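A.B. asks: Per the numbering used here, the very first residue in the sequence shown carries number -16; after that it's consecutive.
By construction, the Cβ of each residue, glycine as well, lies at the ideal position given by its N, Cα and C atoms.
Model, not experiment: these values are computed from the prediction.
To start, I am sharing the structure in question, which I have written as structure tokens.
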Amino acid sequence: MHLMSAAVPLPDPLSVTVRAPAKINLYLGVGRVRPDGFHPLETLFQAVSLYDDVTVTSADEWSVSTVAEGPQVDLSGVPDDEDNIAIRAGKALVAHHGVDRAAAIEIAKGIPVAGGMAGGSADAAATMVALDRLWNLETSDDDLLAIAATLGSDVPFALVGGTAHGTGRGEVVTPVEDNGTWWWVVVFDEVGLSTASVYAAFDLGEYAVDDIAIDPARFQILRRGEAGATMAVLVRNDLEDAAFDLRQDLERKAEAILQCGASAVLLSGSGPTLLGAATDAVDARDIAARLAERGFDRVTVVNGPVAGAHVVEYE
Ligand code: ATP
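This is the structure:
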């Protein structure tokens, strides 16, 4: 006998938790400011193993609450109202589907605020994926990416993860073949640095160069996936001089990271977080230990590439 059973629809979950990664820019080429105020970018994003977890439950009204997961997170700059990018993301998704729903959003934040690691963008991406699953909206990937781009230039990459080439303002994201596991020593800062102020210093210092294209050698390094000396050839961040103009202490910190054994040092996005390149996990921990001996107390080790926003709990 052949038994046919009708598919039983699963009940909607009560809550969904989505994890989204921090990003670093292995390469950040920044062109001259355009009349619309934006800077054209050529970037190589990498998602690294530092995360925000976002949990959503249905509610009558939108709300957001945030807890810090570690000393690198200072919550004082995070809005707890509709200015929070997580609520903006939720509302954009709801508007796209023309439904009238709201949610309570809880963020467990491991990504530093205004640290140049796109924590807000991670929250936006995680919120969209979480709400999509909570309410079974079945949003297509293309639609999610399009809504993400309206929220901020780093949000599409937070959905995609891995290693990717970003163009436009960074919102046009194409995955890149990366066969390595890259280890980074992350040196956090006590005070955030606003992205807008770094771009203003970039314009003032006339730091834009004509050629921001990513040379094929960099893609080849990623394809080969061999860490070590190649990392110094791989990394570039055109915002570094502008950030150092605003914060001279960062330049001294970068020198200390090299003295502690990193094969290259890199400003993360618009800073102030700094990244030391390591050859492997052991090397990364050794560099971190040497930095700790020299009094740097906000240091961690991460690796990349890791996955973009993905469900970790479903109840
Ligand atoms: P980017 O490199 O994309 O500029 P960043 O890592 O330097 O990002 P974020 O932590 O993403 O900076 O946030 C920048 C500002 O956005 C914060 O100072 C805060 O005022 C505001 N903000 C709004 N929502 C959030 C959120 N969910 N998390 C963090 N900051 C938020």
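If you reduce the DSSP assignment to three classes, tell me which class R273 lands in.
C.D. replies: helix
A.B. asks: Quick one: is A42 buried, meaning 16 or more other Cβ sit within 10 Å of its Cβ, or exposed?
C.D. replies: exposed
A.B. asks: Relative to the alpha-carbon of G316, which residue among T0, A267, P255 and E223 has its alpha-carbon at the smallest distance?
C.D. replies: In the structure as shown, the chain begins at -16 and stops at 298. Residue 316 is therefore absent and cannot be evaluated.
A.B. asks: Have a look at G144, A101, E44 and P(-4) and flag the residue whose alpha-carbon is nearest the alpha-carbon of A87.
C.D. replies: Of the listed residues, the one whose Cα sits closest to A87 is E44.
A.B. asks: Between the Cα of T26 and the Cα atoms of N8, P18, D35 and S32, which residue gives the shortest distance?
C.D. replies: N8
A.B. asks: Could you check what DSSP says for P199 in three-state terms: helix, strand or coil?
C.D. replies: In the structure shown, the three-state DSSP call for P199 is helix.
A.B. asks: So, helix, strand or coil for D36, using DSSP?
C.D. replies: strand
A.B. asks: Given a cut-off of 9 angstroms on the beta-carbon distance, is the pair V13 and E296 in contact?
C.D. replies: Going by C-beta atoms, V13 is not nearer than 9 angstroms to E296.
A.B. asks: Where does T26 fall in DSSP's three states?
C.D. replies: strand
A.B. asks: Kindly indicate the opening and closing residues of the alpha helix (DSSP H) around Y182.
C.D. replies: T178 to L187
A.B. asks: Using the Cα positions of T49 and D63, report the straight-line distance between them to the nearest angstrom.
C.D. replies: 8 angstroms
A.B. asks: Going by DSSP in three states, S59 sits in which element: helix, strand or coil?
C.D. replies: helix
A.B. asks: Anyone know if the C-beta pair for I90 and V37 falls short of 9 angstroms?
C.D. replies: Here I90 is near V37, since their CB atoms are less than 9 angstroms apart.
A.B. asks: Rounded to a whole number of angstroms, what is the C-alpha to C-alpha distance between A129 and S59?
C.D. replies: 30 angstroms
A.B. asks: Using the C-alpha atoms, what's the distance from I70 back to S46?
C.D. replies: 7 angstroms
A.B. asks: By how many angstroms is the C-alpha of H293 removed from the C-alpha of E160?
C.D. replies: A direct Cα-to-Cα measurement between E160 and H293 gives close to 20 angstroms.
A.B. asks: Tell me the DSSP secondary structure of V294 in three-state form.
C.D. replies: strand
A.B. asks: State the DSSP-derived secondary structure class of T157, mapped to helix, strand or coil.
C.D. replies: Strand, per DSSP.
A.B. asks: What are the uninterrupted segments assigned as alpha helix (DSSP H) that are 4 or more residues long and contained completely in the segment 97 to 133, given in chain order?
C.D. replies: With a minimum length of 4 residues, the continuous alpha helix (DSSP H) runs that stay inside the segment 97 to 133 are 102 to 117.
A.B. asks: Report all residues from its chain with a CB closer than 7 angstroms to the CB of A237; omit the five preceding and five following residues, and keep chain order.
C.D. replies: V248 and L257
A.B. asks: At the level of alpha carbons, what is the spacing between A226 and L233?
C.D. replies: 8 angstroms
A.B. asks: For S177, is the classification buried or exposed, using 16 other Cβ atoms within 10 angstroms of its Cβ as the cut-off for buried?
C.D. replies: exposed
A.B. asks: Where do the N-terminal and C-terminal ends of the beta strand (DSSP E) with P4 fall, by residue?
C.D. replies: Membership of P4 in the beta strand (DSSP E) is indicated by the continuous run S(-2) to V13.
A.B. asks: Using a Cβ-based criterion (distance less than 8 angstroms to any ligand heavy atom), does S46 qualify as near the ligand ATP?
C.D. replies: no
A.B. asks: Out of curiosity, what's the CA-to-CA distance linking A3 and Y190?
C.D. replies: 32 angstroms
A.B. asks: In its own chain, which residues sit with a C-beta less than 6 angstroms from the C-beta of G254, not counting the 5 before and 5 after it?
C.D. replies: If we look at G254 and ignore the five residues flanking it on each side, its Cβ neighbours are G99, L176 and A226.
A.B. asks: Here's the rule I'm using: 16 or more other beta-carbon atoms within 10 Å means buried, otherwise exposed. How should L114 be labelled?
C.D. replies: It is buried - the Cβ of L114 has at least 16 other Cβ atoms within 10 Å.
A.B. asks: Looking at the structure shown, is I204 part of a helix, part of a strand, or coil, going by DSSP?
C.D. replies: In the structure shown, the three-state DSSP call for I204 is helix.
A.B. asks: If you draw a straight line from the alpha carbon of L217 to that of R277, how long is it in whole angstroms?
C.D. replies: 27 angstroms
A.B. asks: Starting from the C-beta of D34, find all residues in its chain whose C-beta is less than 8 angstroms away, skip the five residues before and the five after it, and write them out in chain order.
C.D. replies: What sits at residue 34 in the sequence shown is Tyr, not Asp. Counting only Cβ-Cβ distances below 8 angstroms, and skipping sequence neighbours, we find R2, A3, P4, A5, G93, I94 and A105.
A.B. asks: In the DSSP output, which residue or residues are listed as bridge partners for V168?
C.D. replies: G259 and V284
A.B. asks: By the 10 Å Cβ neighbour count, where 16 or more other Cβ atoms means buried, how is N220 classified, buried or exposed?
C.D. replies: buried
A.B. asks: Going by CA-CA distance only, name the one from R152, A101, G102 and T157 that's closest to D125.
C.D. replies: Comparing Cα-Cα distances from D125 to each of R152, A101, G102 and T157, the minimum goes to T157.
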